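Going by full-length UniProt numbering, 6 is the number at position 6 of the sequence shown; the sequence numbering is gapless.
Encoded as structure tokens, the structure appears first; notes follow it.
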Amino acid sequence: MPRSAALLPSDRRYRQGGWLFLGTLLIFFISSLLLYAIYAFTRQNDVQSSVPLPISFLTSTACLVGISFLVHAATRAIRRSKLAMTAGLLAASAIAAVIFMAVQYTSMRDLLTGPAMQGGTGKGVAGMVVVLAFLHALHVAGGVIALGIVSVRTALGKYDRERHWPVDFAAHYWHFLDGVWLCMLATFAITTGGF
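Dropping the structure here:
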């Protein structure tokens, strides 16, 4: 089948659903960051607001960027009918995502047990940083499950160079999570004591 083959109606629905899902997540994260920025602005004179962010946030950022590179390579591999390579790249992405979540867990634990929370959870922005990072981590957890499913289905030959929207969507989703995390991290760095 040529590359410009017509999409099946089900393919169109899946794509439309995927883009609508990412659109709703975009609105959710933009509104969450906006509310966080307003909250942080009203608390800018609190001593707890100047507490530095955990350096491990930078490590988790490197993991997330690495995941994006891996899933992007998987989309290129599936288009070349390299199913084993695609499945391996997706599995490696899922493992890197689990590492990301482990690093995020230690970062959030450090924030919650550190000096930012000495005045209680109602003081400063550290609690809000943890809440937003946790919300992002929940979406990462969903992405790990999806990567596992897509990886197994790729290994079983369910996708090929002509029908690979789930692999493409996995890449779009992880690129989206990258963008959201980078925006969150920049906002956190501006509204707290930085790194």
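Ideal Cβ positions, reconstructed from N, Cα and C, are used throughout, including at glycine.
What you are looking at is a predicted structure, and each value in this text was computed from that prediction instead of being measured.
Please state if the CB of residue j and the CB of residue i are separated by a distance shorter than 8 Å.
i	j	result
V144	A94	yes
Y39	M108	no
L111	V130	yes
S68	H175	yes
T86	T154	yes
L53	A146	no
L89	A77	yes
A96	L70	yes
C183	L33	yes
T191	A37	yes
residue 200	S50	This structure leaves residue 200 out entirely; the chain is present only between 1 and 195.
R161	R43	no
Y173	L22	yes
A170	V152	no
G148	L83	no
T61	L185	yes
Let me make sure I understand the geometry here. Which of the options has the alpha-carbon closest to that of residue i?
i	options	result
S81	Y159, F29 and Q104	Y159
K101	W19, C63 and T113	This sequence places Met at residue 101; Lys is not what is there. Comparing Cα-Cα distances from M101 to each of W19, C63 and T113, the minimum goes to C63.
F29	A171, G194 and W181	W181
V98	G114, G66 and G157	G66
R12	A186, N45 and W165	W165
L26	F195, L135 and G194	L135
D46	G17, P115, Y14 and G18	P115
Taking one C-beta from the segment 172-186 and one from the segment 134-141 each time, how about it: are there three or more such pairs within less than 8 Å? Taking a cut-off of 8 Å for Cβ pairs, the segment 172-186 and the segment 134-141 touch, as three or more such pairs fall below it.
Which ranges would you report for the alpha helix (DSSP H) in the segment 37-82 if only whole runs of at least 4 residues count? The DSSP assignment places 56-79 as complete runs of the alpha helix (DSSP H) inside the segment 37-82, in order along the chain (cut-off: 4 residues).
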